[in-house]
Amino acid sequence: MLQVTDFGLHDLRCCAENDFIGEHQYYRGLLWKSPELLRQLDDPNGFVGGTQKGDIYAFGIILYEIIARRGPFGLATEPKDIVERVKRGARAGAESEELLRPDIRALEGVVDEYALSVMRDCWAEDPAVRPDFPTIRSRLKKLKSGKSRNIMDQMMDMMEKYANNLEELVTERTRLLIEEKQKTEDLLHRMLPKSVARRLTTGEGVEPESFDSVTIYFSDIVGFTAMSAESTPLQVVNFLNDLYTVFDRIIRGYDVYKVETIGDAYMVVSGLPIRNNDRHVGEIASMALELLNAVKSHKISHRPNEILKLRIGIHTGAVVAGVVGLTMPRYCLFGDTVNTASRMESNGEPLRIHISPSCKQALDKLGGYVVEPRGTIPIKGKGQLQTYWLVGATEKAIQKRPVEGEERPLFCRPRRSPRLTDSRHPSISGMLFVLWNIICAVFKRYFEICNAFYGFSMPN
Numbered sequence: 001m002l003q004v005t006d007f008g009l010h011d012l013r014c015c016a017e018n019d020f021i022g023e024h025q026y027y028r029g030l031l032w033k034s035p036e037l038l039r040q041l042d043d044p045n046g047f048v049g050g051t052q053k054g055d056i057y058a059f060g061i062i063l064y065e066i067i068a069r070r071g072p073f074g075l076a077t078e079p080k081d082i083v084e085r086v087k088r089g090a091r092a093g094a095e096s097e098e099l100l101r102p103d104i105r106a107l108e109g110v111v112d113e114y115a116l117s118v119m120r121d122c123w124a125e126d127p128a129v130r131p132d133f134p135t136i137r138s139r140l141k142k143l144k145s146g147k148s149r150n151i152m153d154q155m156m157d158m159m160e161k162y163a164n165n166l167e168e169l170v171t172e173r174t175r176l177l178i179e180e181k182q183k184t185e186d187l188l189h190r191m192l193p194k195s196v197a198r199r200l201t202t203g204e205g206v207e208p209e210s211f212d213s214v215t216i217y218f219s220d221i222v223g224f225t226a227m228s229a230e231s232t233p234l235q236v237v238n239f240l241n242d243l244y245t246v247f248d249r250i251i252r253g254y255d256v257y258k259v260e261t262i263g264d265a266y267m268v269v270s271g272l273p274i275r276n277n278d279r280h281v282g283e284i285a286s287m288a289l290e291l292l293n294a295v296k297s298h299k300i301s302h303r304p305n306e307i308l309k310l311r312i313g314i315h316t317g318a319v320v321a322g323v324v325g326l327t328m329p330r331y332c333l334f335g336d337t338v339n340t341a342s343r344m345e346s347n348g349e350p351l352r353i354h355i356s357p358s359c360k361q362a363l364d365k366l367g368g369y370v371v372e373p374r375g376t377i378p379i380k381g382k383g384q385l386q387t388y389w390l391v392g393a394t395e396k397a398i399q400k401r402p403v404e405g406e407e408r409p410l411f412c413r414p415r416r417s418p419r420l421t422d423s424r425h426p427s428i429s430g431m432l433f434v435l436w437n438i439i440c441a442v443f444k445r446y447f448e449i450c451n452a453f454y455g456f457s458m459p460n
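Its first residue numbered 1, the sequence shown is counted upward by one per residue in UniProt numbering.
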């Protein structure tokens, strides 16, 4: 068993270094340092710690010491001269045969070539060429072939096997944790606006906020109650799911937030929680026109010959918005603007977009939309009100943004992955418990053997 030290401990050990250490001892301690690290010693701003590639170089020197039964370089030369020659070779970029390395010519024919090649690769001048420790371990496995393995070797192999298994389990558990965290964030972002959800997840409070001008969209399906009475519950659920899947796919291309769906009612708002100046009315208007076109070609699965009649109402005004509830928090809108938008929808006509006077004024100011007057109609709580129909848009209207990819279903059948609680994959705590019992049993057996041969007892 071999331990390569001095990696990552330089800052802790620097204060304990002896300022009066002799020159010979100082340079002898540098015989295992790689050329690139020796060069950094001359740079006052350089990094003087260790590196993994530097450890590989040191391992190659140590491997030579073990096999050759000699010092680091096997020379009678002063350590200072050796260190300076190693540094010069690194700086000069000399050829490999000109670089100062331990002389292994005497080992050729005595030591297997694969061991010598490992040494040569470990002390390569270019750090990027040096192999990593897993590769070295794999290449040196031949050293143990044909040799009897003692109980400590078996214990170390067993501990390595369990450690590798634990790493796989931890990696799998981490992946599952990240997936579940992403699902939770996706669910939260669908329940609340992303900016509000981020503030809640970071522990910040979300105070109610007033918005001077937003645009609210309401729609429902004319004749939905009668159709529901003539359909099975499963048919109704499938119908609404198909319809709202189309709606959700369309609104992703606009700067809007879906507030809620209640039965056949669909509510969308633009202009909050992030204000977008006067664009909110155009975002809702363009979205409503696209939704209306999509509905005209949408087929009801259990009633393919029936035309879906969508009724839409839009209003622009001021609202107050905030998060309501703890168990099931919702981002809710309050104010007369919500009621007026609902009245625009309920007093509209099938397959038409009914808008309020304030919405019409905002569209005229923005430009790019075709509006027709409907006339004066009674609106509950408003009296007689002049309203309008939104009938089209020009090339100056707000266009749909490109949407990257499809929004995946939040709740779907996950791909099969090994669970850590399965019998084939025990939990990490269970693995640690088994590993501890194995180690205790191995040490107990080891001390029993030592007691039989050497006569000392096992410690308590």
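Ideal Cβ placement from N, Cα and C applies to all residues, glycine included.
When the alpha-carbon of Phe334 is set against those of Lys181, Leu272, Gln235 and Leu99, the nearest one is in Leu272. Under a 10 Å Cβ-count criterion, Glu125 is classified as buried, with 16 or more other Cβ atoms of the shown protein chains found around its own Cβ. Non-local C-beta neighbours of Ile300 in its own chain, meaning closer than 7 Å and more than five positions away in sequence, comprise Phe239, Glu306 and Leu308, ordered along the chain. Excluding its 5 nearest sequence neighbours in each direction, Cys359 has C-beta neighbours in its own chain below 7 Å: Thr215, Val281, Ile314, His315 and Thr316, listed in chain order.
Counting only runs that start and end inside the stretch 168-254, the beta strand (DSSP E) elements of at least 3 residues fall at 209-221.
The C-beta distance from Phe211 to Val319 rounds to 6 Å, short enough to meet the 8 Å contact threshold. The beta carbon of Pro102 lies closer than 6 Å to those of Tyr64, Phe73 and Gly74 in the same chain, with the five residues before and after it left out.
In summary, Pro357 is exposed, with fewer than 16 beta-carbon neighbours lying within 10 Å of its beta-carbon over all protein chains present. Contact between Lys87 and Arg130 does not hold, since the beta-carbon distance rounds to 18 Å and is not under 8 Å. Contact between the stretch 236-253 and the stretch 358-372 is absent, with fewer than three C-beta pairs closer than 8 Å.
In the three-state scheme derived from DSSP, where H, G and I count as helix and E and B as strand, His315 is classed as strand. In the same chain as Thr376, and ignoring 5 residues on each side of it, the C-beta atoms closer than 6 Å to its own belong to Gln384 and Gln386, in chain order.
Here Leu99 has Gly89 and Glu125 as same chain residues with Cβ atoms under 7 Å from its own Cβ, once five neighbours each way along the sequence are excluded. With respect to the 8 Å criterion, Ala321 and Glu209 are classified as neighbours on the basis of their beta carbons. At the C-beta level, Pro79 and Leu37 stay beyond 8 Å of one another. Just measuring C-alpha positions, the residue of Ala393, Tyr217, Arg401 and Ile355 sitting nearest Ile379 is Ile355.
Under DSSP, the beta-bridge partners assigned to Met267 are Phe218 and Glu260. Rounded to the nearest whole angstrom, the C-alpha separation of Asp157 and Trp123 is 28 Å. Taken in chain order, the unbroken stretches of alpha helix (DSSP H) that lie wholly in the stretch 332-380 and span 4 residues or more are 336-346 and 357-366. Counting only residues of its own chain and dropping the five nearest sequence neighbours on each side, Leu192 has a CB closer than 6 Å to the CB of Tyr331.
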